[in-house]
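Q: Numbering (this note's numbering), first residue to last: 92 to 439. For every residue, glycine included, the Cβ atom is placed at its ideal position computed from N, Cα and C.
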């Protein structure tokens, strides 16, 4: 147990160090010492950007503080928070479906958020990013709930299969609707394009605050819920024999997935790969027990998303790549290598 907490502490300290580096990384080169000197004023500007005294100052120090507080601090908080949500959502979904390829996008979360973003852009022209974020959370929750209801209609015996089939079918239908709306109303393309690339560029502290509430609730609920996943993994019959309330556990678990996945997608867009890969890495490093898989998936997802966002800022500087593109380019080969290594171990 001591080793478990020590390892989690190392992951947390590593995340904090990366966050410290992140506020100094961007298209504009900044020295370490000036960044440290302006951090207090930059943090104050991030929290209170309107009518801040820094806006009236004409100095290099004030300009740097505005840059860090207005652009870098919000994305430094938003990226790991979204990554943590996706990592935990993926771990819980894989536990309930007993399918290692399960991903939050397969239960309609991405498609639901996409429909909500496009409809909001059409019905509420000029809507603020906060409105679009709230709409995306609502869309993800509604569509994923529909997917769960369709899957439950097939009974619990085949739930792992029916859940993924229902999610895939409904997601395909909704994405077809989204593409049709964009063709008919091109003005919705900008809102959809920003969401679809998976990026935290231009994030504000308002976005962080909107994401933080469902994220904290969902992550806390996941840490409470994770102990039931090992029992559910034995199968419904054995879980009931051991005293587990299978229906309650499944409903609560899938609600947590919808909440975390919806919050992450609303805040950072359609970020690929994290929800699928983070639980695999956690199992490879720390074992298959879900009281270990879930917390480590949270840390691995947070670190992966933050590293991807940092790379996105300076790989093509002064231009910037979407975080989702970096995750796909770097994550896919690493995941293939992980799968090959795991398959070799299983065949030995």
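How is residue 99 classed by DSSP in three states: helix, strand or coil?
A: Reduced to three states, the DSSP call for residue 99 is helix.
Q: Answer with buried or exposed for residue 108, where buried requires no fewer than 16 other C-beta atoms within 10 angstroms of its C-beta.
A: Label assigned to residue 108: exposed.
Q: Can residue 150 and residue 199 be called in contact, C-beta distance under 8 angstroms?
A: Contact flag unset, no.
Q: With 16 as the cutoff for other CB atoms within 10 Å, does residue 141 come out buried or exposed?
A: Under this definition residue 141 is an exposed residue.
Q: Report, in whole angstroms, the separation of the C-beta atoms of residue 180 and residue 357, which I expect to be a contact under 8 angstroms.
A: Actually they do not touch by this definition, with Cβ atoms about 13 angstroms apart.
Q: Pull up the distance between the alpha-carbon of residue 264 and that of residue 295, whole angstroms please.
A: Distance between the alpha carbons of residue 264 and residue 295: 32 angstroms.
Q: Do you know offhand how far residue 169's Cα is from residue 336's?
A: The alpha-carbon atoms of residue 169 and residue 336 are separated by roughly 35 angstroms.
Q: If you draw a straight line from the C-alpha of residue 276 to the C-alpha of residue 213, how long is it?
A: Near 8 angstroms, if we compare the C-alpha coordinates of residue 213 and residue 276.
Q: Do three or more CB pairs link the stretch 117 to 132 to the stretch 93 to 100 at distances below 8 angstroms?
A: Too few Cβ pairs lie closer than 8 angstroms, so no.
Q: Got a sec, what are the start and stop residues for the alpha helix (DSSP H) residue 382 sits in?
A: Residues 381 to 405.
Q: Looking at residue 193: is its Cβ nearer than 8 angstroms to the Cβ of residue 255?
A: Yes. Within cutoff.
Q: Report the option in 131, 407, 207, 238 whose CA atom is closest to the CA atom of residue 153.
A: When only C-alpha atoms are compared, the closest one is 131.
Q: Whole angstroms are fine: how far does the CA of residue 396 sit from the CA of residue 155?
A: In a straight line, the C-alpha of residue 155 is about 24 angstroms away from that of residue 396.
Q: According to the Cβ coordinates, are residue 318 and residue 117 closer than 8 angstroms?
A: Cβ atoms of residue 318 and residue 117: not closer than 8 angstroms.
Q: Return helix, strand or coil for residue 116, following the three-state DSSP convention.
A: Of the three classes helix, strand and coil, the one that applies to residue 116 here is coil, per DSSP.
Q: Report the three-state DSSP secondary structure of residue 288 (helix, strand or coil).
A: In this structure, residue 288 counts as coil in the three-state DSSP scheme.
Q: Which same chain residues end up closer than 8 angstroms to residue 421 when comparing Cβ atoms and leaving out the 5 residues on each side of it in sequence?
A: The residues are 399, 402.
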